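Peer 1: Quick one: the structure is below, questions incoming.
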Amino acid sequence: MGKAQGRNTFRTIVALTAAAVIPLGTAHAAEKVKVGLMLPYTGTYAALGNAITNGFKQYVAEQGGTLGGREVQYFVVDDESDPSKATENASKLVKRDDVDVLVGTVHSGVALAMAKVARDTKTLMIIPNAGADELTGPLCAPNVFRSSFTNWQPAYGMGKVAAERGHKNIVTLTWKYAAGEQAVNGFKEAFEKAGGKVAKELYLPFPNVEFQPYLTEIANLKHDAVFVFFAGGGAAKFVKDYDAAGLKKSIPLYGSGFLTDGTLEAMGGAGEGLLTTLHYADGLTNAKDKAFRSAYEAQYKMPPDVYAVQGYDAAQMLRAGLDAAKGPELDQAAMIKAMEAAKIDSPRGAFTLSKAHNPVQDIYLREAAGNQNKFVSVAERALEDPARGCRMK
Ligand code: PHB
Numbered sequence: 563m564g565k566a567q568g569r570n571t572f573r574t575i576v577a578l579t580a581a582a583v584i585p586l587g588t589a590h591a592a593e594k595v596k597v598g599l600m601l602p603y604t605g606t607y608a609a610l611g612n613a614i615t616n617g618f619k620q621y622v623a624e625q626g627g628t629l630g631g632r633e634v635q636y637f638v639v640d641d642e643s644d645p646s647k648a649t650e651n652a653s654k655l656v657k658r659d660d661v662d663v664l665v666g667t668v669h670s671g672v673a674l675a676m677a678k679v680a681r682d683t684k685t686l687m688i689i690p691n692a693g694a695d696e697l698t699g700p701l702c703a704p705n706v707f708r709s710s711f712t713n714w715q716p717a718y719g720m721g722k723v724a725a726e727r728g729h730k731n732i733v734t735l736t737w738k739y740a741a742g743e744q745a746v747n748g749f750k751e752a753f754e755k756a757g758g759k760v761a762k763e764l765y766l767p768f769p770n771v772e773f774q775p776y777l778t779e780i781a782n783l784k785h786d787a788v789f790v791f792f793a794g795g796g797a798a799k800f801v802k803d804y805d806a807a808g809l810k811k812s813i814p815l816y817g818s819g820f821l822t823d824g825t826l827e828a829m830g831g832a833g834e835g836l837l838t839t840l841h842y843a844d845g846l847t848n849a850k851d852k853a854f855r856s857a858y859e860a861q862y863k864m865p866p867d868v869y870a871v872q873g874y875d876a877a878q879m880l881r882a883g884l885d886a887a888k889g890p891e892l893d894q895a896a897m898i899k900a901m902e903a904a905k906i907d908s909p910r911g912a913f914t915l916s917k918a919h920n921p922v923q924d925i926y927l928r929e930a931a932g933n934q935n936k937f938v939s940v941a942e943r944a945l946e947d948p949a950r951g952c953r954m955k
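Below, the structure written as structure tokens:
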């Protein structure tokens, strides 16, 4: 029996008691949904965890603090982007706090451990960032959903763009963990399909920011261009170092758009002109994005980024599920069915989910100008992760 169903007997009793004292129409509103936010609030990805939280809470606030008629109750854990603490952190949320849904996280390694807890305990999980290809690939599961991307998706878009820009030999550099390795693989797949060659792959441990030896090697290799995956504080430091080493003028730098999302201000101008690919951009023209951005800026006194969008959309996905979980019981099967069928009106542009529960979405080419990643063009329309190895049971 799933944990949501396991709690239903108790819930039903509570609801029946409540129904005796409150008018019928409001009995449902007395129900709660317990949301476990497991995200990084310290370390190189701290700003990402905060933006996801902001976005999620913004959507809930727009619904008056409830989703599907249920009052949202938060349980929050700082996962520190540390895979070695992930199982314990996720287990605490599930077993001690008894959450109905796990929302997390940013780091692919942490998310892989977290998803194992979700699968083992049949807890609903929505991933608002971590791109680990496996989670909507060989490890896909009915109760695991993603509001973000696979590491393959934006990088694949960049591989195509780099080839179109005439580059032939490229060196890659990233942190050696799932997100970096899978981004390089996605880039390589598209770039080599279009006739290019990834001539050298360089790696450093996460979250190391001692880039100097790698910059020296890149300068010596004299390849056409560089592709990187970095994000958060580490991305800002990398771009500043790349520029300070004089490389930005001589060897074009490309990346999955995490390189410049939410980090341009910290780069202090070093990111100007960088071309990246991502499923979000500044300057989109859809109505949802306009409303989302002005509300976010009014509330948080800063512009939103891709992470804020992914948090907002995780809450939209949960709402789609809860709307279908009619009555006091949290019917997980009904929730899953509704989430699978949902069309999410995202600030990035509306999207649906693939059979593996990952967004099918446009990948935009953007150019950094001031503190914005300005929309240039659609690099890939409705790009669906191949979800290799996913057998949904
Ligand atoms: C990941 O670990 O999957 C990850 C982290 C930060 C990003 C993107 C992906 O910005």
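Letter by letter, the sequence shown follows residues 563 to 955 of my numbering. For every residue, glycine included, the Cβ atom is placed at its ideal position computed from N, Cα and C. Owing to the predicted nature of the structure, the values given are computational and were not obtained by experimental measurement.
(1) Suppose the cutoff is 6 Å on Cβ atoms and the five residues either side in sequence are ignored; what does the same chain contact list for Phe789 look like?
(2) Between which two residues does the alpha helix (DSSP H) harbouring Arg881 extend?
(3) Just mark Ala652 as buried or exposed, buried being the case when its beta carbon has 16 or more other beta carbons within 10 Å.
(4) When you compare each of His841, Ala703, Phe773 and Arg910 to Trp714 by their alpha carbons, which one comes out closest?
(5) Please tell me whether Gln894 and Asn705 are closer than 8 Å, where the distance is taken between their beta carbons.
(6) Might you give, ordered along the chain, the residues of its own chain that have their beta carbon closer than 7 Å to the beta carbon of Asn848, omitting 5 neighbours on each side?
(7) Is it the case that the CB of Val959 approaches a heavy atom of the ligand PHB more closely than 7 Å?
(8) Measure how close the beta-carbons of His785 and Ala761 come, nearest whole angstrom, since I'm counting them as under 8 Å.
(9) For the candidate residues Val656, Met600, Thr604 and Pro690, whose alpha-carbon lies nearest to that of Ser908?
(10) Using CA coordinates, which residue listed in Ala745, Gln861, Ala930 and Lys905 is at the minimum distance from Pro921?
(11) Kindly provide the ranges of any beta strand (DSSP E) runs that are 3 or more residues long and lie completely inside the region 640-696, ordered along the chain.
(12) Taking its Cβ as the centre, do 16 or more other Cβ atoms sit within 10 Å of Gly611, making it buried, or is it exposed?
(13) Where in the region 719-792 do unbroken runs of the alpha helix (DSSP H), each at least 4 residues long, occur, reported from the N-terminal end onward?
(14) Contact between the region 817-828 and the region 694-703 is defined here as three or more beta-carbon pairs at a separation below 8 Å; is this criterion met?
(15) On the DSSP letters alone, give me the boundaries of the beta strand (DSSP E) that Arg990 sits inside.
(16) Any idea what DSSP makes of Thr615, helix, strand or coil?
(17) Cβ atoms of Ala609 and Gly833: under 8 Å apart, would you say?
(18) Please name the residue, chosen from Ile925, Ala903, Leu927 and Tyr926, that lies closest to Ser916 on a Cα-to-Cα basis.
(19) For Leu837, tell me which candidate among Tyr926, Asn747 and Ala692 has the shortest Cα-Cα distance.
(20) Between which two residues does the alpha helix (DSSP H) harbouring Arg855 extend?
(21) Once you ignore the five residues that flank Phe768 on each side, which residues in its own chain have a CB closer than 6 Å to its CB?
(22) So the beta strand (DSSP E) Glu929 belongs to, where does it begin and stop?
(23) Taking the alpha carbon of Tyr862 as the reference point, which residue from Thr822, Gly598 and Gln620 has its own alpha carbon closest?
(24) Under a three-way DSSP split, which group does Tyr603 fall into?
(25) Less than 7 Å between the CB of Leu735 and some heavy atom of the ligand PHB, yes or no?
(26) Considering only residues of the same chain and omitting the five flanking positions on each side of Gly630, which have a CB-CB separation below 7 Å?
(27) Any chance the CB of Ser546 is under 7 Å from a heavy atom of the ligand PHB?
(28) Candidates Glu743, Arg727 and Ala781: which alpha carbon is nearest Gly757's?
(29) When you compare the region 773-785 with the region 796-812, are there three or more beta-carbon pairs, one atom per stretch, that lie closer than 8 Å?
(30) The ligand PHB and Ser709: does any heavy atom of the ligand fall closer than 7 Å to the residue's C-beta?
(31) So the alpha helix (DSSP H) Phe562 belongs to, where does it begin and stop?
Peer 2: Based on what the coordinates show:
(1) Taking Phe789 as the centre and dropping the five residues before and after it, the same chain places the C-beta of Ile732, Thr734, Phe749 and Tyr816 closer than 6 Å to its C-beta, in chain order.
(2) Residues Val868 to Ala886.
(3) Burial call: buried.
(4) Out of His841, Ala703, Phe773 and Arg910, the CA that lies nearest to the CA of Trp714 is found in His841.
(5) Inclusion of Gln894 and Asn705 in the CB contact set at 8 Å is warranted, their separation being smaller than that value.
(6) Closer than 7 Å at the Cβ level, and outside the excluded window around Asn848, lie Gly911.
(7) With the chain running from 563 to 955 in the structure shown, residue 959 is simply not present.
(8) Between Ala761 and His785 the Cβ distance is about 6 Å, and since that is below 8 Å, they are a contact.
(9) Closest by alpha carbon: Pro690.
(10) Ranking Ala745, Gln861, Ala930 and Lys905 by Cα distance to Pro921 puts Lys905 first.
(11) List check, beta strand (DSSP E) in window: 663-665 and 686-689.
(12) With 16 or more Cβ atoms within 10 Å of its Cβ, Gly611 is classed as buried.
(13) List check, alpha helix (DSSP H) in window: 740-755 and 774-783.
(14) Flag = no, the region 817-828 and the region 694-703 do not touch.
(15) The chain is shown only over 563 to 955; residue 990 falls outside these bounds and no answer can be derived.
(16) Taken through DSSP and simplified to helix, strand or coil, Thr615 comes out as helix.
(17) At least 8 Å separates the beta-carbon of Gly833 from that of Ala609.
(18) That would be Ala903, whose Cα lies nearest to the Cα of Ser916.
(19) That would be Tyr926, whose Cα lies nearest to the Cα of Leu837.
(20) Element bounds for Arg855: Ala849 to Tyr862.
(21) Leaving aside the five residues that flank Phe768 on each side, the residues in its chain whose CB is nearer than 6 Å to its CB run, in chain order, Trp737 and Tyr739.
(22) Unbroken beta strand (DSSP E) run through Glu929: Pro921 to Ala931.
(23) The shortest C-alpha separation from Tyr862 is found at Gln620.
(24) Three-state result, Tyr603: coil.
(25) Taking the Cβ of Leu735 as the reference point, every heavy atom of the ligand PHB lies at 7 Å or farther away.
(26) So the list reads Arg881, Leu884, Asp885 and Ala887, once near-sequence residues are dropped.
(27) In the structure as shown, the chain begins at 563 and stops at 955. Residue 546 is therefore absent and cannot be evaluated.
(28) With respect to the C-alpha of Gly757, the residue from Glu743, Arg727 and Ala781 having the closest C-alpha is Arg727.
(29) Contact between the region 773-785 and the region 796-812 is present, because at least three Cβ pairs lie under 8 Å.
(30) Relative to the ligand PHB, the beta carbon of Ser709 is positioned no closer than 7 Å to any heavy atom.
(31) There is simply no residue 562 to check, as the chain begins at 563 and stops at 955 in what is shown.
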